[in-house]
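Asks: My structure is below; once you've seen it, I'll send some questions.
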Amino acid sequence: IDAGFYNRVTGEEKTETHDEELIALYNTKNIPLFMEKCVEYGKTLAVAGETSTGKTTYMKMLIGYIPVHLRISTIEDNPEITFFIHKNYVHLFYPSESSDEKGSIVTPASLLRWNYRMNPDRILLTEVRGAEAWDFLKITGSGHEGSMTSIHAGSAKEAIDGFITRCYENPQCAQLPYTFMLRKVLDSLDVIVSIDLDGNVRRMNDIYFRPIHRNQYFEEMKA
Numbered sequence: 001i002d003a004g005f006y007n008r009v010t011g012e013e014k015t016e017t018h019d020e021e022l023i024a025l026y027n028t029k030n031i032p033l034f035m036e037k038c039v040e041y042g043k044t045l046a047v048a049g050e051t052s053t054g055k056t057t058y059m060k061m062l063i064g065y066i067p068v069h070l071r072i073s074t075i076e077d078n079p080e081i082t083f084f085i086h087k088n089y090v091h092l093f094y095p096s097e098s099s100d101e102k103g104s105i106v107t108p109a110s111l112l113r114w115n116y117r118m119n120p121d122r123i124l125l126t127e128v129r130g131a132e133a134w135d136f137l138k139i140t141g142s143g144h145e146g147s148m149t150s151i152h153a154g155s156a157k158e159a160i161d162g163f164i165t166r167c168y169e170n171p172q173c174a175q176l177p178y179t180f181m182l183r184k185v186l187d188s189l190d191v192i193v194s195i196d197l198d199g200n201v202r203r204m205n206d207i208y209f210r211p212i213h214r215n216q217y218f219e220e221m222k223a
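Residue numbers (this note's numbering): 1 to 223.
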């Protein structure tokens with residue numbers, strides 16, 4: 001063993017790269033810069049909102065903060081995402097009516113699994129609607145951090161419940177206990193933002209940020 005082999009082991013708990021900077025931005029309520037840096041630094045992110053609240057529109061705005069040299073893969077049923085400054089990307093499409101239950105060959109889940117071979121830096125799944133929620137959580141935990149998706153939900157907590165409910169549509173999750181699934185969602189998603197519509201005004205409603213809220217949300221939702 002080389003001299004100095006153990007020198008970097010401090011015995012102290014370490015925060016993840018950039019977390020202290022992001023926590024400071026969050027605590028000082030500099031949310032625009034907080035969101036920009038979350039995307040730039042590769043935090044896995046979900047945008048929650050009801051119908052017509054602008055989930056996809058906000059996601060498309062956040063795409064501009066992805067470093068331009070990264071390779072991006074999109075998964076959509078309709079061509080909604082357009083790149084203006086990024087050059088290294090691939091668009092993957094599935095039929096709107098496709099699902100694993102119907103035996104469809106091309107589904108959101110199958111396209112997520114194809115990304116293991118394509119190995120992009122960021123994966124953009126326009127919306128989690130069903131059993132592919134489990135595939136999204138798995139791939140974000142296998143070196144594809146910084147991925148983004150949206151989910152139909154009215155708040156960050158509803159989004160977490162929505163992910164869990166959709167995961168249970170996947171046969172792989174049928175026997176997994178709720179607390180395991182709750183931990184998986186809370187640990188896999190770094191940031192969840194919810195958007196609501198008040199009249200004609202769209203606003204960010206609340207934020208889940210894992211380094212700050214993970215333990216609190218687990219205690220509140222595990223019952």
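Just so it is clear, CB atoms sit at the ideal spot from N, CA and C, and this is done for glycine as well. All figures in this text were calculated on a predicted structure; none of them were measured in a lab.
1. In terms of residues, what are the limits of the beta strand (DSSP E) holding glycine 162?
2. Which same chain residues end up closer than 8 Å to aspartate 60 when comparing Cβ atoms and leaving out the 5 residues on each side of it in sequence?
3. Per DSSP, which one or two residues make a beta bridge with isoleucine 192?
4. Compute the distance between the beta-carbons of threonine 182 and arginine 210, then report whether it is under 8 Å.
5. Figure out for me which residue from Leu22, Asn200 and Ala223 has the closest Cα to the Cα of serine 52.
6. Which residues share a DSSP beta bridge with methionine 148?
7. Count the other CB atoms within 10 Å of the CB of lysine 64; is the residue buried (16 or more) or exposed (fewer)?
8. For arginine 122, collect the residues of the same chain with a Cβ closer than 7 Å to its Cβ; drop the 5 residues on either side in sequence, then sort them by chain order.
9. Would you list the one or two residues that DSSP bridges to threonine 56?
10. Going straight from the alpha carbon of serine 96 to that of glutamate 76, what length do you get?
11. Here's the rule: buried if 16 or more other CB atoms are within 10 angstroms of the residue's CB, otherwise exposed. What is leucine 33?
12. Rounded to whole angstroms, what's the CA-CA distance from isoleucine 164 to phenylalanine 136? Just pull it up for me.
Replies: The answer reads as follows:
1. Looking up residue 162 in the sequence shown gives position 162. It is not in any beta strand (DSSP E) - glycine 162 instead sits in the alpha helix (DSSP H) that spans 156-167.
2. Position 60 of the sequence shown, counted from the first residue, corresponds to residue 60. The amino acid occupying residue 60 in the given sequence is lysine; aspartate does not appear at that position. So the list reads Glu80, Ile81 and Thr82, once near-sequence residues are dropped.
3. Taking the sequence shown and counting its residues from 1, the one referred to as residue 192 is at position 192. Partner(s): Ala46 and Tyr208.
4. As a working mapping, residue 182 is identified with position 182 in the sequence shown. As a working mapping, residue 210 is identified with position 210 in the sequence shown. Before going on, a small fix: residue 182 reads as leucine here, not threonine. No; because the gap between Cβ atoms is not below 8 Å, this pair is not in contact.
5. On the sequence shown, residue 52 is found 52 positions in, with the first residue counted as 1. Comparing Cα positions, the closest option is Asn200.
6. Walking along the sequence shown from the start, residue 148 turns up at place 148. In the DSSP output, where bridge partners are listed per residue, methionine 148 has Leu45 and Leu124.
7. Taking the first residue of the sequence shown as position 1, residue 64 is located at position 64. The sequence as given places glycine at residue 64; lysine does not occur at that position. Its Cβ having fewer than 16 others within 10 Å, glycine 64 is exposed.
8. Along the sequence shown, read from residue 1 onward, the residue named residue 122 stands at position 122. Hits under 7 Å: Ile66, Leu70, Ile72, Gly146 and Ser147.
9. For the purposes of this step, residue 56 is taken as residue 56 along the sequence shown, with counting starting at 1. Answer is none; threonine 56 lacks a bridge partner.
10. To locate residue 96, count along the sequence shown from 1; it is residue 96. To locate residue 76, count along the sequence shown from 1; it is residue 76. Serine 96 and glutamate 76: Cα-Cα distance of roughly 9 Å.
11. Position 33 of the sequence shown holds residue 33. By the neighbour-count rule (16 or more Cβ atoms within 10 Å), leucine 33 is not buried but exposed.
12. On the sequence shown, residue 164 is found 164 positions in, with the first residue counted as 1. On the sequence shown, residue 136 is found 136 positions in, with the first residue counted as 1. Whole-angstrom Cα-Cα distance: 12 Å.
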